[in-house]
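Working notes, structure below.
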Amino acid sequence: MGLVGIGVKQRVSHACEHADAGPCRFVSVDGLVIHLVEEGSGLPVVLVHGGQGWAYTWRHQLEPLSGAGYRAIAPDLPYSDLRGHWASIVGGLALSLVLIVPALWLRIRQEEAMLLIEFGDEYREYMARTWRLIPFVF
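Position 35, counted from 1, in the sequence shown is what this note's numbering calls 692; the numbers after and before it change by one each time, with no gaps.
Below, the structure is given as structure tokens:
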């Protein structure tokens, strides 16, 4: 289903220069446009990079995670690629973590709710077996 299928409006996609990192695109999460790399389907795993990183940082983890049945999502946090003053980088990263990560978790929770409606008890059993992977999502 992906993020677009749960109500996140997709912006203009582009061909990524880092094609070995999985399909990338721009999405709008509550009005904030972010770039992300997403590969696989199944239980979502959000990979958040550090201050000087970007989504491509996780390129070697995307395929193994998707091969194991997970949906690996690696968003680019705004200001993460700045080479300027350290306060800008720290402030931008903090702002990103406050705005983007909760919005992504909200969308994941909405998707989980839709799966519960669609699959009912079967999905509840799956959640009971896998809740330890991301305990605060369920």
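Just so you know, even glycine gets a beta-carbon here, dropped at the ideal spot from N, CA and C.
All values reported here derive from a predicted model rather than from experimental measurement.
Bounding residues of the alpha helix (DSSP H) (the contiguous stretch that carries residue i)
i: Leu734; result: Neither: Leu734 is in no alpha helix (DSSP H) and is coded neither H nor E.
i: Ala712; result: Here Ala712 belongs to no alpha helix (DSSP H), and DSSP marks it neither H nor E.
Bridge partner(s) assigned by DSSP for residue i
i: Pro634; result: Outside the modelled stretch of the chain, which goes from 658 to 795, sits residue 634, for which no answer is possible.
i: Ala776; result: Per the sequence presented here, residue 776 reads as Phe, with Ala not at that position. Per DSSP, none; premise fails for Phe776.
i: Ser723; result: Looking at the DSSP assignment, Ser723 forms no beta bridge with any residue, so it has no partner.
i: Arg682; result: Leu693
Reduced DSSP category for residue i - H, G, I as helix; E, B as strand; rest coil
i: His717; result: helix
i: Leu693; result: strand
i: Leu790; result: coil
i: His742; result: At His742 the pLDDT is 43, less than 50, meaning the model places this residue with poor confidence; the figure from the coordinates comes in the next sentence. In this structure, His742 counts as coil in the three-state DSSP scheme.
6 Å CB neighbourhood of residue i in its chain, flanking five on each side removed
i: Tyr780; result: Leu772 and Leu773
i: Arg728; result: Gly697, Ser698, Gly699 and Pro701
Top-ranked residue by Cα proximity to residue i, from the options
i: Thr787; options: Val702, Thr714 and Pro759; result: Val702
i: His684; options: Thr714, Arg764, Val755 and Tyr713; result: Reading off the sequence shown, one finds Val at residue 684, where the question assumed His. Selected option, being the one with the closest Cα: Arg764.
i: Val705; options: Glu768, Pro680, Met784 and Pro759; result: Pro759
i: Ala731; options: Arg766, Trp762, Leu756 and His692; result: His692
i: Ile761; options: Gly777, Tyr713, Gly724 and Leu734; result: Here the sequence assigns Leu to residue 761, which means Ile is not the residue at that position. Per the Cα distances, Leu734.
i: Trp711; options: Val694, Pro680 and Asp778; result: Val694
Cβ neighbours of residue i in the same chain (closer than 7 Å, five flanking residues each side left out)
i: Leu722; result: Gly697, Val702 and Ala729
i: Thr714; result: His706
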